[in-house]
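There are 2 protein chains.
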Amino acid sequence: MAVRKERQDAIENRKLILETAHVLFQKHGVDNVSMQEIAQTAGVGKGTLYRRYKDKGDLCSDLVQKRFLHFKEQLSAYLDDMENGSPIAQLQKVLREYVNMVEELSKWLKVIQAYDCLKGRSATYFHSEPYVFMYKTIHSLLKEIERQGLIELTDLSYTTDVFLAAISPDFYLYQRQEKGYSQDDILERFYSLLLEPFIKLDQNKK
Amino acid sequence: MAVRKERQDAIENRKLILETAHVLFQKHGVDNVSMQEIAQTAGVGKGTLYRRYKDKGDLCSDLVQKRFLHFKEQLSAYLDDMENGSPIAQLQKVLREYVNMVEELSKWLKVIQAYDCLKGRSATYFHSEPYVFMYKTIHSLLKEIERQGLIELTDLSYTTDVFLAAISPDFYLYQRQEKGYSQDDILERFYSLLLEPFIKLDQNKK
DNA sequence: CTATTAAACGGACTCGAGTCCGTTTAATAG
DNA sequence: CTATTAAACGGACTCGAGTCCGTTTAATAG
């Protein structure tokens, strides 16, 4: 017997709730909006809200998910253009775009992290789609750079994780807000600490 | 007029509460212990509990604080012994000991972080005593290494932060539990990515 | 179009976090 | 030792998170 398709009212409510939450979060800040309020404003019962979203963190995940899709598309487009360019330039492009996105999404990412931690869902950051995607992308670019003999790394996987740690939302925001570095300051320092020292010296080529 | 000294009952309650919380946390796990329960078990009212500790995160901070004092003492003892040794060896010692401590305290550190985030106290991790202390220690050791001409770094401050990011509780636990690296695996990879490439080649000295 | 079904709904309910404020008690003044 | 004071106490209270379950409704069968 065929599986019933999702009910029309359910689909509409899902959209309605997400939009309402987004509006309220923007207007009053995530912390100052209760789940109650979201349900009421959307005109649904609390049960309906919780049926779709475990908690505020879950709502934020969905918000991030939407934005992340754009990012992925944009990035593939860029990378297609650079198909035959230097993989180092590609890597730099990826990093720059990602930093851009982190800057934009950090607000949500922090909330997600807090709820994950509080509910004992541990290390979900590292399993989130954005992390996994970035990991794969950076990992394969580094591999290509290595294949071309431009770099030599002891542990590719560890290196990739450290790359991402240096642009993780927490760390990034700290550099940005407390240290007062600009986006470019950070990228510059990142390159000079984690990228340039490993690029094989072929200055003689010049 | 002299400031009144802290009341005796207050002092005793403070100790009692902290010990009770510690015991309950160990027995049932931080997540499964309510503030109510802590107060009840300690035999004080809820108000008394909250008078000292804002929330569970705050309790964990105090727990960490105690352990961290030991760590600091131990470390200074070690460093005094190595006073005239190579600052690189000193740095490695510091890193090794810190990793040890993070391994032990990660449970609490995660809870602290979650509450900080949830209550909108942002980036407190970077202002916590452990972070600040480690920052100072690593920073000054790197400076000394630089002074001796053994290393050259673009931005000492940024480098120090990245060092600490690579052994931040979240990241460390991920490497440890999900990647399956041992403590030594991690230190090895850390050195080979973040330390060795910057040490000036004076192999000719050999 | 009607009956059947199971998903979806929504509000009453429980439970813990955190606050408030009238009461108690340790410290100090005399 | 007694009176005064202000810190400390503790439990009633509020408020939001999340669950439960009787009721509604969209989808499917006939």
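Chains as they are written, first to last, in our numbering: chain E, 1 to 206; chain B, 207 to 412. Beta carbons: idealized from backbone N, C-alpha and C, even for Gly.
Compare the C-beta of residue i with all C-beta atoms of chain E and state if any pair is closer than 8 angstroms.
{"i": "Gly326/B", "result": "yes"}
{"i": "Leu348/B", "result": "no"}
{"i": "Phe377/B", "result": "yes"}
{"i": "Arg302/B", "result": "no"}
{"i": "Val338/B", "result": "no"}
{"i": "Pro403/B", "result": "yes"}
{"i": "Glu335/B", "result": "no"}
{"i": "Arg395/B", "result": "yes"}
{"i": "Leu230/B", "result": "no"}
{"i": "Ala248/B", "result": "no"}
{"i": "Lys316/B", "result": "yes"}
{"i": "Asp261/B", "result": "no"}
{"i": "Lys412/B", "result": "Summary for Lys412/B: the model assigns pLDDT 35, below 50, so the residue's position carries little reliability; its value from the coordinates is reported in the next sentence. No, its Cβ sits nowhere closer than 8 angstroms to a Cβ of chain E."}
{"i": "Cys266/B", "result": "no"}
{"i": "Val305/B", "result": "no"}
{"i": "Gln319/B", "result": "yes"}
{"i": "Glu243/B", "result": "no"}
{"i": "Ala295/B", "result": "no"}
{"i": "Phe332/B", "result": "yes"}
{"i": "Glu384/B", "result": "yes"}
{"i": "Val368/B", "result": "yes"}
{"i": "Ala371/B", "result": "yes"}
{"i": "Ala329/B", "result": "yes"}
{"i": "Asp286/B", "result": "no"}
{"i": "Asp215/B", "result": "no"}
Comparing the C-beta of residue i with each C-beta of chain B, is any distance below 8 angstroms?
{"i": "Thr159/E", "result": "yes"}
{"i": "Tyr174/E", "result": "yes"}
{"i": "Gln183/E", "result": "no"}
{"i": "Ser106/E", "result": "no"}
{"i": "Gln92/E", "result": "no"}
{"i": "Tyr64/E", "result": "The sequence given here places Val at residue 64/E; Tyr does not occur at that position. Not an interface residue."}
{"i": "Val33/E", "result": "no"}
{"i": "Glu146/E", "result": "no"}
{"i": "Gln203/E", "result": "Since pLDDT at Gln203/E reaches only 46, below the 50 mark, its modelled position is unreliable, and no value is offered."}
{"i": "Leu193/E", "result": "yes"}
{"i": "Thr137/E", "result": "no"}
Which two residues bound the contiguous alpha helix (DSSP H) that contains residue i?
{"i": "Phe274/B", "result": "Lys262 to Asp287"}
{"i": "Pro293/B", "result": "Pro293 to Leu324"}
{"i": "Glu402/B", "result": "No alpha helix (DSSP H) holds Glu402/B; DSSP gives it neither H nor E."}
{"i": "Glu394/B", "result": "Gln389 to Phe396"}
{"i": "Gly220/E", "result": "The structure shown does not extend to residue 220/E, since chain E is modelled only from 1 to 206, so the question has no answer here."}
{"i": "Gln242/B", "result": "Met241 to Ala248"}
Does DSSP classify residue i as helix, strand or coil?
{"i": "Ile167/E", "result": "coil"}
{"i": "Asn13/E", "result": "helix"}
{"i": "Arg121/E", "result": "coil"}
{"i": "Ser346/B", "result": "helix"}
{"i": "Glu212/B", "result": "coil"}
{"i": "Lys233/B", "result": "helix"}
{"i": "Ser363/B", "result": "helix"}
{"i": "Asn84/E", "result": "coil"}
{"i": "Lys205/E", "result": "Interpretation of Lys205/E is limited by its pLDDT of 40, a score under 50 that renders its predicted location unreliable; no figure is taken from the coordinates."}
Taking DSSP's pairing of strands, which residues face residue i in a bridge?
{"i": "Ile357/B", "result": "Ile405/B"}
query = Are the stretch 302-314 of chain B and the stretch 266-279 of chain B touching, with three or more C-beta to C-beta distances below 8 angstroms?
reply = yes
task = Taking 8 angstroms as the threshold, find out whether the stretch 315-327 of chain B comes into contact with the stretch 141-155 of chain E through three or more Cβ pairs.
result = no
inquiry  = Between the stretch 291-309 of chain B and the stretch 125-143 of chain E, can you find at least three pairs of beta-carbon atoms closer than 8 angstroms?
reply    = As far as the Cβ criterion goes, the stretch 125-143 of chain E does not touch the stretch 291-309 of chain B, which means the pair count is below three.
ask   = Would you say the stretch 9-26 of chain E touches the stretch 48-59 of chain E, given that touching needs at least three Cβ pairs under 8 angstroms?
value = yes
ask   = Would you call the stretch 152-162 of chain E and the stretch 382-401 of chain B touching, i.e. three or more CB-CB distances under 8 angstroms?
value = yes
request  = Could you tell me whether the stretch 2-12 of chain E touches the stretch 26-46 of chain E, where touching means 3 or more Cβ pairs closer than 8 angstroms?
outcome  = no
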